[in-house]
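A short write-up of the structure that comes next.
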Amino acid sequence: MTELLRADNLVKAFGSEGGFHIGARKQPVRAVNGVSFSVTTGETLAVVGESGCGKSTLGRLLLRLIEPTEGQVHIGGVDVTQMSAAELRAARRQMQMVFQDPYGSLSPRRTVAEIIAEPLEVFGIVKTRQERRERVAELLEQVGLPPTLMDRHPRQFSGGQRQRIGIARAIALNPDFIVADEPVSALDVSVQAQIVNLLQDLQEAKGFSYFFIAHDLAVVRHIADRVMVMYLGRIVEIGPKRSIYTAPQHPYTQALLSAAPEPDVKKRTKRIILSGDVPSPSNVPPGCSFHTRCPLAQEQCRQVRPELREVAPGQTAACHFAEPNPIKLPVSAPAYAS
Amino acid sequence: MTSLDQPVEAVRPTRTLLENVTATFIGRPSMIFAAVVILTFIAIALFAPLLAPYDPLAQSYLVINAYPSAEHWLGTDQFGRDVLSRLIYGSRNSMIFGITAPIIAALVGTTLGVVAGYFGGIFDRLVTRMIDLLLAFPDLLLAIIISAALGGGFWNILAVLSIAFVPGFARVARASTLAVKQEPYVEASVAVGLRTPLIILRHVVPNIAAPVVVLMTLWVASAIRLEAALSFLGLGTRPPYPSWGNIIRDGLNNIFGSPWPIIGAGFAITLVVLSFNMIGDAVRDLLDPEIGQ
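Now the structure itself:
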């Protein structure tokens, strides 16, 4: 298992850019706040968290679709954040993205062949029209669409079919690393499984790594090798899928998992209901950012921010009370917040 | 693969561009009317010397303020000039300004707007301020100011009309670019490494074309109106050469002598402006990939 990607202390603050302001300057929002992790070759690292926790921003930082405020991203040992515009364009061959919105991510005015061939043309992989059509046909077959449809426009396809087109575009360059930004959350449940399976089959065939952004824990359980849980721009827990799902250490992870629907009535456990809302990312609470909603919060949590520490082999959690034995939470969380 | 996975059947059939155009036109009889009117007026402008029964500048004191007759279909004005011939020659000025000024303004304005919207920064602020400055004046007032500074003449009128329309195009193009720039497909083409000029040409421009083209067809009408207004004020086409605007101006002084110049020119302007507006509506529907299908 070799390390493919490493992120060091990534920070993205929105609203800190210069410019002419009248009145008081707003506090910048730190959407991603000091995140470090790595992804090894061929693995799937899934990121989960509530809306606004910074997971999509993080995915875009890894590909440098947005500029990080601080920190580095190394892919294959090279620092992406230091690349010039030309180097970055060249490096895009190794890193691709599958987008959440299958409707918005394909230009309505271009044909499927033009969309899928775009990366191939950028890198001069196909020279002639004939070559281009052959390669597009191959890619369409790989994602389970008939090549005869390559001259159609995206509007003629359903959401699932469009997502397959988006996947074909992402794998066209044989990348090492793919950021999948909630690739199935906009799709019908019946189609979700097909797309997840397709993503898995392609990974098996080509051996690339996924940074899989999701909020559906059932999908994550199916596809992930490791799971990373984010809250307010920070990692609260990261570890192998099995240990995250069976022995979550951070109270937030536990609450998140307890909220996932469980089809088996016998396996159903009491849901941990968190009180209060997610604090505003522009005004993150001091100490542990989760303390306003945490059923275990103590004075210590309001003062000192817990660092990520190893709680089991390969599993780290950012909680003062994390320990190898799962914490027993009160069944209904008292309202500590306010 | 499960039985759910049957992508072929669900795919909707393709329509060619021609079929789209036909479908758009056939659904609306008004469109056929508008197209016929515009093509007719373009033909009239092109073949004016062949169509006009008289020299539009030739005066005759024998037939002043004549009523319509077999010799002068639309009568004559206070100088005895044939009104129909003046209207036919006048269509040349009106149509050429009406069509070229919006095109020039669209090219310049869209370029400014797209570049400003896509890149932002200092250039965007300059362009935005300039647009605000120009839009602060009504287009007629702006046209009067500029033509007072530049003087008359064909090229100056063209420049005046174009400059008056640039800020509108720039603003629409900038606003549309800001919206399109947020679309995931633009981000997707950044992610595959496409160069910025190509992103703008391939993904931004085609997707902001609809509002710009619609604006263009609407401003054909405005340009004809504005040229007429400038000529009416004596800042556009110089007498004795006819344009629809100065035909009305001349006619106004003599409205009780002969109403025919005003009626004829007013009718021609209304017809052309109305037709271009109707075409604008249809073009909008045609260019929208969702409605057009």
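Protein sequence lines correspond, in order, to chains A and B. Residues 1 to 338 (full-length UniProt numbering) make up the first sequence, in order. Residues 1 to 293 (full-length UniProt numbering) make up the second sequence, in order. Backbone N, C-alpha and C define an ideal beta-carbon position, used for all residues, glycine too. Computed from a prediction, not measured in an experiment: that's the story for all the values here.
The DSSP-derived three-state label of Y185 (chain B) is helix.
Inter-residue distance for P240 (chain B) and V160 (chain B) is about 21 Å (C-alpha atoms, whole angstroms). Of all alpha-carbon atoms in A:T111, A:S158, A:A247, A:I66, the one lying nearest the alpha-carbon of R202 (chain B) is that of A:T111. Here the alpha carbon of N246 (chain B) sits roughly 14 Å from the alpha carbon of Q78 (chain B). The beta-bridge partner set that DSSP reports for T76 (chain B) consists of B:D82. Taking C-beta atoms as the reference points, R133 (chain A) and L145 (chain A) fail to come closer than 8 Å. For the stretch 94-108 of chain A, the beta-carbon criterion of a distance under 7 Å to any beta-carbon of chain B is satisfied by Q96, M97, F99, D101, G104, S105, L106, S107, P108. The CB of V190 (chain B) comes closer than 7 Å to the CB of L65 in chain A, given here in chain order. Shown in chain order are the members of the stretch 167-183 of chain B whose Cβ falls below 7 Å from a Cβ of chain A: E183. The C-alpha of P240 (chain A) lies about 45 Å from the C-alpha of G117 (chain B).
Of all alpha-carbon atoms in B:V214, B:P49, B:L226, B:I44, the one lying nearest the alpha-carbon of A143 (chain B) is that of B:L226.
Residue environment analysis places N9 (chain A) among the exposed positions, since fewer than 16 neighbouring C-beta atoms fall within 10 angstroms of its C-beta. Counting along the chain, the unbroken beta strand (DSSP E) around P240 (chain A) starts and ends at 234-240.
N33 (chain A) is bridged by DSSP to A:V11. If the five residues before and after W219 (chain B) are omitted, its C-beta is found closer than 6 Å to the C-beta atoms of P102, F165, all from its own chain and listed in chain order. In this structure, the CA atom of A218 (chain A) is about 8 Å from the CA atom of A260 (chain A). Burial check for Y67 (chain B): the Cβ neighbour count within 10 Å stays below 16, so the residue is exposed.
The beta carbon of I99 (chain B) lies closer than 7 Å to those of V220 in the same chain, with the five residues before and after it left out. Three or more pairs of CB atoms, one per stretch, sit closer than 8 Å, so the stretch 82-100 of chain A contacts the stretch 165-180 of chain A. In the displayed model, R226 (chain A) falls within a strand according to three-state DSSP. In terms of beta-carbon proximity, E141 (chain A) stays away from the interface with chain B, with every pair separated by 8 Å or more. Per DSSP, the beta-bridge partners of Q96 (chain A) are A:I178. Counting the other CB atoms within 10 Å of its CB gives Y185 (chain B) a total of 16 or more, which places it among the buried residues. Inclusion of F208 (chain A) and L62 (chain A) in the CB contact set at 8 Å is not warranted, their separation being larger than that value. Among the CB atoms of chain B, one or more fall inside 8 Å of the CB of R89 (chain A). When the Cα atoms are used, I195 (chain A) and A45 (chain B) turn out to be separated by approximately 60 Å. A check of alpha carbon separations from L173 (chain A) across B:E183, B:V172, B:A191 identifies B:A191 as the nearest. Excluding the 5 residues flanking it on each side, L65 (chain A) has no same chain C-beta neighbour closer than 7 Å. Listed as beta-bridge partners of F212 (chain A) by DSSP are A:A46, A:A180. In the structure shown, Q249 (chain A) falls within a coil segment according to DSSP collapsed to helix, strand and coil.
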